[in-house]
Amino acid sequence: MSPNPSAIAEVCDRESTAWRALVLACVALVLLPPAVLGTGGPAGRWLGGYAGGVAWNLYQLVKIAILWVPVGFVFRVLGHDRMLRRIALIAGAAALVVALPLGALVPAAREAALLLYAIPGLAAGFVLGRRSRGDAAALPAEAAAAADEAGAPTRPRIAIAVRRAVAVALLASATAALWDFPLARGWLALGFALYLALLWCVPNAWLVAVPAALPVFSLAFWSGRFYFDEFDVLVLLTLAVALWRGTTGGRPPRATRWLLALLALSVAASGAIGLLPFAPLDENAFSSYWSRYNSLRIAKGFVEAIALAWIAGPLAAPQRFRALALGMTLGLAAVSLATVWEVWLFTGFSTATDYRVTATFASMHTGGGHIEAWLVAALPFAWALLLFERAPAVRIFGAVSFLLGMFAVLATVARSGIGAVVVLSLVLGLGLVPLMRGARGPRTRVAGAAAVALAGLAVLAAGIYGGDYLRARFARVAEDAQIRLAHAHKTLAMMDGGARAWLFGMGLGSFPRTHLVSNLDEQPGSYRFVRKGGRIHLSLNSGGTLYWAQAVSARPQTRYAVELDLRSEGRGERLEIALCEKILFNSHRCAWSGTRIDARIPGWQHREIVFDSGEVGSGHWWNRRPVQFSLYNPQRGTAIDIAGVRLRDAAGNDVLANGDFARGADRWFFKSGNHLPWHVKNLWLHTLFEQGILGLIALGALAAVAVTRLARAARHGEAPALTLLAATAALLALGFVESFLDAPRLALVLLLLLLAGAGAEAVSDGPARPRSPPRA
28 MSPNPSAIAE VCDRESTAWR ALVLACVALV LLPPAVLGTG GPAGRWLGGY
78 AGGVAWNLYQ LVKIAILWVP VGFVFRVLGH DRMLRRIALI AGAAALVVAL
128 PLGALVPAAR EAALLLYAIP GLAAGFVLGR RSRGDAAALP AEAAAAADEA
178 GAPTRPRIAI AVRRAVAVAL LASATAALWD FPLARGWLAL GFALYLALLW
228 CVPNAWLVAV PAALPVFSLA FWSGRFYFDE FDVLVLLTLA VALWRGTTGG
278 RPPRATRWLL ALLALSVAAS GAIGLLPFAP LDENAFSSYW SRYNSLRIAK
328 GFVEAIALAW IAGPLAAPQR FRALALGMTL GLAAVSLATV WEVWLFTGFS
378 TATDYRVTAT FASMHTGGGH IEAWLVAALP FAWALLLFER APAVRIFGAV
428 SFLLGMFAVL ATVARSGIGA VVVLSLVLGL GLVPLMRGAR GPRTRVAGAA
478 AVALAGLAVL AAGIYGGDYL RARFARVAED AQIRLAHAHK TLAMMDGGAR
528 AWLFGMGLGS FPRTHLVSNL DEQPGSYRFV RKGGRIHLSL NSGGTLYWAQ
578 AVSARPQTRY AVELDLRSEG RGERLEIALC EKILFNSHRC AWSGTRIDAR
628 IPGWQHREIV FDSGEVGSGH WWNRRPVQFS LYNPQRGTAI DIAGVRLRDA
678 AGNDVLANGD FARGADRWFF KSGNHLPWHV KNLWLHTLFE QGILGLIALG
728 ALAAVAVTRL ARAARHGEAP ALTLLAATAA LLALGFVESF LDAPRLALVL
778 LLLLLAGAGA EAVSDGPARP RSPPRA
């Protein structure tokens with residue numbers, strides 16, 4: 028007679044009482060005084076005393092527990108959680124009895140006691156693993172074994188097992204990336220844990236979260252990471268949950284699958300060309316765009332777009348489209364508000380300044396039209412909320428976001444962005460005719476959407492007419508066009524790899540590197556890390572306006588001392604040092620200083636430069652401008668080696684992080700005012716240069732199929748198709764003067780739109796049968 032699974036489960040529940048008590052006890056450790064488990068960290072200074080200690084303990088709990096969740100998850104899925112739980116019970120009881128009482132006296136005991144925070148993480152992993160296996164697997168291991176003997180089908184099929192193995196690998200990769208991240212690991216871990224819980228409960232929530240986070244979830248200003256960053260962790264977690272749950276979309280049409288295969292082949296071939304031969308995995312591997320591993324950074328945008336399109340399914344479907352539209356509008360609103368804040372801080376809304384807005388786009392540290400690319404892609408989705416949503420609050424939010432987005436486009440003073448807005452406005456205007464014809468009942472929603480679009484265009488026209496600097500930029504169109512044409516000719520001249528280069532391209536991510544080693548006149552500055560004799564130093568070359576910078580918290584009217592070691596080739600080079608109020612390019616106020624290397628002294632020279640910050644960093648919390656500490660080599664054709672950088676305030680505290688470059692470029696972020704050496708400045712020429720004729724055919728054919736299918740659907744009164752068409756057309760128009768495929772996040776946006784359009788259902792050319800918008 029086979030055992031009763033319910034009885035076994037009841038016995039196992041009794042045996043787990045001690046485990047539950049241990050988990051609760053470990054969580055309760057956050058209430059201990061700071062002297063037991065630590066000093067309280069920065070929270071102790073901010074909150075003071077016991078409150079600061081509790082906040083620090085809570086941070087430690089989240090930081091440590093989140094790393095053990097995947098361990099508990101995997102052990103539960105494999106059916107070995109009972110063994111791990113017994114080990115944890117013994118180790119936890121020992122730590123509570125021995126290590127915890129000695130924590131205030133012995134540092135080693137304190138470190139051992141901190142491992143108690145791993146136990147709540149294991150428990151959370153066990154719960155997630157049990158939930159993921161379904162009702163039969165929700166029993167303990169013995170109960171599941173009994174169910175097996177009774178004939179219950181508990182073993183997953185091979186396909187499910189492979190899919191979940193990939194999901195676990197993605198989850199492990201995300202955890203490893205988070206563990207290696209240079210700042211805010213605890214808060215990021217908490218946020219990602221909440222996101223995982225949200226996805227588990229609402230699988231399609233990523234259609235809101237990912238587009239909303241894409242333009243604003245960027246910590247590169249402070250972390251220095253731009254190869255694999257926090258947004259990539261978000262995407263990995265999204266894919267991991269979707270794979271585990273099996274929530275993937277349907278197969279696209281056959282023609283789209285062939286085009287997707289051709290694009291994948293092009294990415295793989297050009298990616299291999301750019302990546303090989305492998306460069307050493309040192310401090311330079313993932314810290315500059317000249318590295319061969321830049322090929323992986325560019326390929327990342329293609330891979331993420333294809334993966335997200337696979338799990339999304341048809342984005343024109345009403346429920347999916349509503350979620351996507353809301354996410355895009357949230358991202359648009361966030362970028363627009365950041366633009367308003369930046370313009371107010373640095374220009375006071377003056378229309379006569381040449382200030383270049385970058386908002387949340389750290390990827391613009393080498394120039395590029397990234398902010399306008401996002402704005403023109405997101406504007407149609409805010410407009411679509413006026414058609415789809417019944418709730419007045421959501422429709423008002425869409426209207427306000429659309430108008431703010433129009434102002435943001437104007438604030439970028441980018442002629443290409445304004446031109447792309449004209450394109451999307453024409454598409455939306457032409458699409459209003461079938462929408463009005465197909466609307467059932469009152470047409471107030473369509474009329475309201477048209478009115479908001481006209482108001483946005485009025486804002487744009489007023490800004491162009493009243494903006495002195497913007498009018499001056501339009502007057503230079505012909506002159507700047509000649510510069511772009513010359514740049515295009517030089518780009519084609521750099522394709523020197525013969526037939527292979529023309530067929531497969533020079534390699535993904537190869538343009539900055541190829542430009543650097545070419546003999547062109549407008550070379551950018553460059554940098555590299557050198558490890559010699561156990562010491563790492565930065566070699567800062569000059570060739571343009573390249574600044575090596577770090578965001579700092581500076582106080583006004585404060586004396587700062589810069590300490591560093593320098594050496595050069597003996598020409599008496601001068602290193603400029605600046606403390607400036609800036610985000611990326613234009614500075615508001617600066618405190619400049621510098622030092623000259625003595626050409627008569629060989630080897631390293633120690634310098635200490637004292638300067639006053641003046642008014643830099645002044646203001647209240649709501650109007651204080653960000654401050655950056657920068658190093659700059661102004662002499663062309665020279666190199667300065669820099670090591671051991673410290674910036675000490677009046678109290679002697681070093682306000683820099685990683686000043687010895689022990690972690691490579693972490694916490695540092697370079698920026699260059701000369702944008703042509705970094706970007707091809709044309710989407711199609713960029714594709715030809717890096718992916719060759721094969722990539723150009725694949726991308727062009729995919730774009731043609733997407734635009735054709737979306738146009739047919741829009742002609743039949745499909746509002747989702749009209750929105751996708753307007754966003755796609757605007758990005759493709761912008762692509763004639765910008766090459767934003769070198770920004771992985773924007774490559775993801777463009778490719779996701781193209782795949783959504785190419786995968787849309789074919790619409791016949793018969794009589795229109797409009798299905799949207801719904802009755803007002």
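Just so we're on the same page, our numbering is the position in the sequence shown counted from 1, plus 27. Note that the Cβ used here is the ideal one computed from N, Cα and C, for glycine as well. Quick caveat: nothing in here was measured; it's all calculated off a predicted structure.
Contact set for residue i: own chain, Cβ-Cβ below 7 Å, skip 5 residues either direction
| i | result |
| --- | --- |
| T541 | M521, M533 |
| L530 | G719, I720, L721 |
| L51 | none |
| A411 | A352, A746, T750 |
| I93 | G148, A216, A220 |
| A350 | N231, L234, V235 |
| K90 | R212, G213, A216 |
| A626 | G597, R598, G599 |
| F153 | G99, R103, D108 |
Nearest candidate by alpha-carbon position, reference residue i, set the options
| i | options | result |
| --- | --- | --- |
| N650 | L602, G786, W368, F253 | W368 |
| R252 | R500, G691, A733 | G691 |
| R442 | R498, G644, L674, W249 | R498 |
| I423 | G375, A476, A192 | A476 |
| N701 | G599, F688, P539 | P539 |
| L455 | L406, K327, F348, L88 | L406 |
| T275 | W233, C53, L289 | W233 |
| A728 | L761, R673, L289, P147 | L289 |
| R673 | L726, W711, A576 | A576 |
| I187 | G99, R272, P209 | R272 |
| G444 | A730, G630, I398 | I398 |
| P552 | V682, I628, W317, L712 | The residue you asked about is not Pro; residue 552 is Gly in the sequence shown. Of the listed residues, the one whose Cα sits closest to G552 is W317. |
| T518 | S640, W285, H713 | H713 |
| A670 | G630, T378, S452 | G630 |
Residue interval of the beta strand (DSSP E) (run including residue i)
| i | result |
| --- | --- |
| T5 | Given a span of 28 to 803 for the chain in the structure shown, any question on residue 5 remains unanswerable. |
| R324 | R324 -> not in any beta strand (DSSP E); alpha helix (DSSP H) instead, spanning 321-339. |
| Q655 | 654-659 |
| H633 | 632-639 |
| V806 | No answer is possible for residue 806: it lies beyond the span of the chain, which begins at 28 and ends at 803. |
Same chain, Cβ closer than 6 Å to residue i, five either side skipped, listed in chain order
| i | result |
| --- | --- |
| L302 | R319, S322 |
| A605 | C617, W619, S657 |
| E600 | I624, Q662, T665, I667 |
| L535 | S297, G298, G301, S322, I325, A326, E717 |
| G644 | A581, R582, P583, V654 |
| G786 | P279, T283 |
| R190 | L270 |
| T66 | Confidence is the limiting factor: at T66 the pLDDT is only 49, short of 50, which leaves the residue's position unreliable, though a coordinate-based value still follows. Answer for T66: no residue qualifies. |
Sequence-distant residues of its chain with Cβ nearer than 8 Å to residue i (five each side left out)
| i | result |
| --- | --- |
| V486 | L430, M433, F434, L437 |
| F501 | R442, I491 |
| A678 | none |
Extent of the continuous alpha helix (DSSP H) run through residue i
| i | result |
| --- | --- |
| H516 | 504-520 |
| A757 | 746-761 |
| Q577 | Element bounds for Q577: not the alpha helix (DSSP H) but the beta strand (DSSP E), 573-579. |
| F436 | Inspection of the sequence shows that residue 436 is occupied by Val rather than by Phe. It spans 419-438 - the alpha helix (DSSP H) in which V436 sits, taken as one unbroken run. |
| E257 | 257-272 |
| A115 | 108-121 |
| L779 | 771-785 |
| V294 | 281-302 |
| I610 | It is not in any alpha helix (DSSP H) - I610 carries neither H nor E in the DSSP assignment. |
| Q346 | 345-374 |
| H397 | 397-415 |
| Y222 | 212-228 |
Closer than 7 Å to chain D by CB, residue i
| i | result |
| --- | --- |
| R562 | No chain D is present in this structure, which holds just one protein chain. |
### Query
Considering only residues of the stretch 672-743, which uninterrupted beta strand (DSSP E) runs meet the minimum length of 3 residues and lie entirely inside it, listed in chain order?
List check, beta strand (DSSP E) in window: 696-699.
### Message
Contact between the stretch 580-587 and the stretch 633-649 is defined here as three or more beta-carbon pairs at a separation below 8 Å; is this criterion met?
### Response
Contact between the stretch 580-587 and the stretch 633-649 is established, with three or more Cβ pairs separated by less than 8 Å.
#### Entry: Every unbroken alpha helix (DSSP H) within the stretch 520-565, with a cutoff of 4 residues, ordered by chain
The qualifying runs are 525-531, 538-544.
### Query
Between the stretch 660-667 and the stretch 555-569, do three or more beta carbon pairs fall short of 8 Å?
At 8 Å Cβ cutoff, the stretches touch.
### Message
I'd like to know if the stretch 259-266 and the stretch 681-699 are in contact, where contact means that at least 3 CB-CB pairs between them fall below 8 Å.
### Response
Verdict: no, contact absent.
### Task
Assess, as a yes-or-no matter, whether the stretch 732-746 is touched by the stretch 773-784 under the definition of 3 or more beta carbon pairs within less than 8 Å.
Taking 8 Å as the limit for Cβ pairs, the verdict is that the stretch 732-746 does touch the stretch 773-784.
### Message
Is it the case that the stretch 380-392 contacts the stretch 326-335, given that we only count it when at least three CB pairs across the two stretches are under 8 Å?
### Response
Here the stretch 326-335 makes no contact with the stretch 380-392; the two share fewer than three CB pairs at distances below 8 Å.
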